[in-house]
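A quick write-up on the structure given underneath.
In the working numbering, the protein residues as written are 12 to 85.
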């Protein structure tokens, strides 16, 4: 499935984003606006930033898998 068709299913979820330049990022998918993905990313301590990624920069987007509860470490 092309990545842009996944957007509606991943809205409000943690996602990993593969960028066309070979880099990647992750955060909460907050929405879309004018051909851009809006992603809330963690910066430092209690700081977060809403970042915008143009569709042309994106190679793929995937939701995070669920945690495996069988090996919980504290």
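Even glycine gets a Cβ: it sits at the ideal position worked out from N, Cα and C.
Rank the options by C-alpha distance to the C-alpha of residue i and give the top, closest one.
i: residue 34; options: 75, 64 and 77; result: 64
i: residue 26; options: 40, 15, 16 and 79; result: 40
If you follow the beta strand (DSSP E) that residue i is part of, which residue opens it and which one closes it?
i: residue 66; result: Looking at the DSSP string, residue 66 is not in any beta strand (DSSP E), and its letter there is neither H nor E.
i: residue 45; result: Where residue 45 is concerned, there is no enclosing beta strand (DSSP E), given that its DSSP letter is neither H nor E.
i: residue 27; result: 25-30
So, for residue i: in the same chain, excluding its five sequence neighbours on each side, which residues have a beta-carbon less than 8 angstroms away from its beta-carbon?
i: residue 68; result: 30, 31 and 32
Cβ of residue i within 8 angstroms of Cβ of residue j?
i: residue 38; j: residue 52; result: yes
i: residue 18; j: residue 43; result: yes
Using a Cβ-Cβ cutoff of less than 7 angstroms, which residues in the same chain neighbour residue i once the five nearest sequence positions on both sides are dropped?
i: residue 21; result: 40, 72 and 74
i: residue 46; result: 65 and 66
If you follow the alpha helix (DSSP H) that residue i is in, where does it begin and where does it stop?
i: residue 56; result: Unbroken run through residue 56: none, as it is neither H nor E.
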